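S.K.: Pasting a structure below so you can have a look.
Shown next as structure tokens:
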């Protein structure tokens with residue numbers, strides 16, 4: 001239900017909330033969360049965050065280019081992005097601008113899947129999704 005603290009819980013679990021803003025401790029399997037935990041999780045926020053002037057392919061590639069090691073070649077990143085687009089069934093809109101003023105752009109579900117793809121480039125062990133299906137046809 002709305003307002004029950006799902007977002008706050010995810011932000012605490014993913015170490016995105018200031019520890020001074022809550023009490024208690026986060027344990028994983030009964031152990032204090034290791035410092036490396038934050039680098040092993042991905043997070044897709046409830047609000048869609050992408051560049052509206054880019055296509056899904058360009059947004060996912062931008063995320064890959066920004067966040068993956070520079071030692072990975074452009075070709076390797078392009079292959080990764082193509083695989084993610086395929087896995088998320090974004091082929092039909094992969095080269096459509098996210099938001100078109102006078103023409104249909106990308107649907108709400110396609111926008112959400114693009115945001116998920118932007119996190120999938122990291123191959124995180126755990127991916128937290130904050131209300132991924134609210135108001136969307138996924």
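In UniProt numbering, the protein residues as written are 1 to 138.
Note that beta-carbon positions come from the ideal geometry of N, C-alpha and C, so glycine has one too.
Owing to the predicted nature of the structure, the values given are computational and were not obtained by experimental measurement.
May I ask you to report which of helix, strand or coil DSSP gives residue 79?
M.R.: If DSSP states are grouped into helix, strand and coil, residue 79 belongs with the helices.
S.K.: Of all the options 25, 73 and 104, which has the alpha carbon lying nearest to the alpha carbon of residue 52?
M.R.: Of 25, 73 and 104, the residue nearest in Cα terms is 104.
S.K.: Considering only their Cβ atoms, is the gap separating residue 130 from residue 10 smaller than 7 angstroms?
M.R.: Contact flag set, yes.
S.K.: Helix, strand or coil for residue 128? Go by DSSP, reduced to three states.
M.R.: Residue 128 falls in the strand class under three-state DSSP.
S.K.: Which residues in the same chain have their Cβ closer than 7 angstroms to the Cβ of residue 95, if we skip the five residues on either side of it in sequence?
M.R.: Excluding sequence neighbours, residue 95 sits near 55 and 57.
S.K.: For a test of the three-state rule: what should DSSP assign to residue 72, helix, strand or coil?
M.R.: Reduced to three states, the DSSP call for residue 72 is coil.
S.K.: With H, G and I counted as helix, E and B as strand and the rest as coil, what does DSSP make of residue 105?
M.R.: Coil at residue 105, not helix or strand.
S.K.: Once DSSP output is grouped into helix, strand and coil, what is the label at residue 32?
M.R.: Of the three classes helix, strand and coil, the one that applies to residue 32 here is strand, per DSSP.
S.K.: Starting from residue 43, trace the beta strand (DSSP E) both ways and give me its first and last residue.
M.R.: 41-44 is the extent of the beta strand (DSSP E) around residue 43.
S.K.: So residue 13 is in the alpha helix (DSSP H); what residue range does that whole segment cover?
M.R.: Residue 13 -> alpha helix (DSSP H) spans 6-13.
S.K.: With burial defined as no fewer than 16 other Cβ atoms inside 10 Å of the residue's Cβ, what is the status of residue 5: buried or exposed?
M.R.: Exposed is the call here.
S.K.: Between which two residues does the alpha helix (DSSP H) containing residue 63 stretch?
M.R.: Taken as a continuous stretch (DSSP letters only), the alpha helix (DSSP H) holding residue 63 covers 56-67.
S.K.: How about residue 64 and residue 41: do their beta carbons lie closer than 7 angstroms?
M.R.: No, Cβ-Cβ distance for residue 64 and residue 41 is not below 7 angstroms.
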